[in-house]
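Okay, structure first, notes after.
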Amino acid sequence: MKAELEKGFDSSKAHPQALVRNRFALMFWEMVKFVTARQWTITLRDKALFLGRVMQVVIIGLLIGSLYFDLDKSLEDSRPFMSVSFLGVMFLAMTAQPEGMETLASKPVFFKQADNNFCSATSYAWAMSLTAVPTAFCDTVAYSIVTYFMVGYTT
């Protein structure tokens, strides 16, 4: 029996479906779909954060819109339009900053799952990116609607 165990396992004699050939249980896009659904559920559970972000964006939009209310539409007065655009880009970039803290907080969960071959790093990154897009889109739309009409981009 010792000699038989020292030979090792001959995989050619085994059934082809009995052996594991992939590192992960799911294919890449199935894994992305699964992790995205799970991450979307986690995102939807925190409604207070989402509503707080939307309210923050609307209030800052109202402040910036009232600061640059109904600008003159002449070539000499085009600099304030550029400053409103710059403020908008900077504000929306800074509102995305708390996502970094959320990512750092979820690192131990990711490492535990990656060590146990639950999901690959690329599928996890795709899922995190796909779930961040709708919230960023909502922030951008809420800010843009408020400032667009108050500043006077309509004409």
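As numbered in our numbering, residues 1186 to 1340 make up the sequence shown, in order.
Even glycine gets a Cβ: it sits at the ideal position worked out from N, Cα and C.
Are there 16 or more other CB atoms within 10 angstroms of the CB of residue 1316, so buried, or fewer, so exposed?
Counting Cβ neighbours within 10 Å, residue 1316 comes out buried, since at least 16 surround it.
Which class does residue 1304 belong to by DSSP, given the choice of helix, strand or coil?
Assignment of residue 1304 by DSSP, reduced to helix, strand and coil, places it in the coil class.
Alpha carbons only, please: which of 1239, 1253, 1225 and 1228 is nearest the one belonging to residue 1335?
It is 1253.
Under three-state DSSP, which class holds residue 1254?
Reduced to three states, the DSSP call for residue 1254 is coil.
Taking 7 Å as the cut-off, decide whether the C-beta atoms of residue 1265 and residue 1256 are in contact.
Yes.
Of the residues 1198, 1310 and 1339, the one placed nearest residue 1219, counting alpha carbons only:
Minimum Cα distance to residue 1219 is reached at 1310.
To the nearest angstrom, how far is the alpha carbon of residue 1234 from that of residue 1241?
Spanning the two alpha carbons is a distance of roughly 10 Å.
Judging by CA-CA distance, which residue of 1275, 1213, 1222 and 1193 is the nearest neighbour of residue 1328?
Per the C-alpha coordinates, the member of 1275, 1213, 1222 and 1193 positioned closest to residue 1328 is 1275.
Determine the burial state of residue 1249: buried for a count of at least 16 other Cβ atoms within 10 Å of its Cβ, exposed for fewer.
The residue in question, residue 1249, is buried, as its Cβ has 16 or more Cβ neighbours within 10 Å.
Are the CB atoms of residue 1246 and residue 1331 within a distance shorter than 7 Å?
Yes; because the gap between Cβ atoms is below 7 Å, this pair is in contact.
On a CA-only basis, which of 1199, 1279, 1296 and 1193 is nearest residue 1325? Give me that one, please.
Checking every option, the nearest Cα to that of residue 1325 belongs to 1279.
Integer Cβ distance of residue 1312 from residue 1224, believed to fall under 8 Å
Contact flag correct, Cβ pair sits at about 5 Å.
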